[in-house]
Amino acid sequence: GVEVTDTLRALRAEEALSARLRASEERYALAAHASGHAVWDWDLGADAVLWSAGAHVALGYADGAVMEAPAWWTSQIHPDDRDRVVGDLDAAVADPA
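Per the numbering used here: the sequence shown ends with 100, consecutive numbering throughout.
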């Protein structure tokens, strides 16, 4: 009936969106890798720093040495600069405008 058709339509729409998201993530990964740069993204909701595959090479770390925890990332900042950089990041997150 109508309910089954609506459910199937919703499932197909969700699958299509999921496929587009996977394709987008793949394009991002390929672009980040091709650039040769250390590309990173701080996912505030998950409190994780995500690194491109090229980050290991660009920053001189072995695979697996770069951690997703923001605390690891901030521990890599020179001690003389750490408080300022973390403060600037906190301010940017608190007021992104």
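No residue lacks a Cβ here, since even glycine has one placed at the ideal position from N, Cα and C. Note that the structure is a prediction, hence the values are computed from the model and not measured.
Review point. For ALA65, which residues from the same chain have a beta carbon less than 8 Å from its beta carbon, with the 5 sequence-adjacent residues on both sides left out?
Key: HIS59
Check your understanding: Does the distance from the C-beta atom of SER55 to that of VAL69 stay below 7 Å?
Key -> no
Exercise for review: With a cut-off of 8 Å on the beta carbons, I'd call ASP44 and LEU33 a contact; round off their distance for me.
Suggested key: Between LEU33 and ASP44 the Cβ distance is about 15 Å, and since that is not below 8 Å, they are no contact.
Exercise for review: Taking ALA51 as part of the beta strand (DSSP E), name the residues at either end of that continuous run.
Suggested key: 51-54
Check your understanding: Is it buried or exposed for ALA35, if we count other Cβ within 10 angstroms and need 16 for buried?
Key -> buried
Check your understanding: Excluding sequence positions up to five away, which residues of its chain have a Cβ less than 6 Å from the Cβ of GLY39?
Key -> GLY57
Review point. Alpha carbon to alpha carbon, what distance is there between TYR31 and ALA97?
Key: 27 Å
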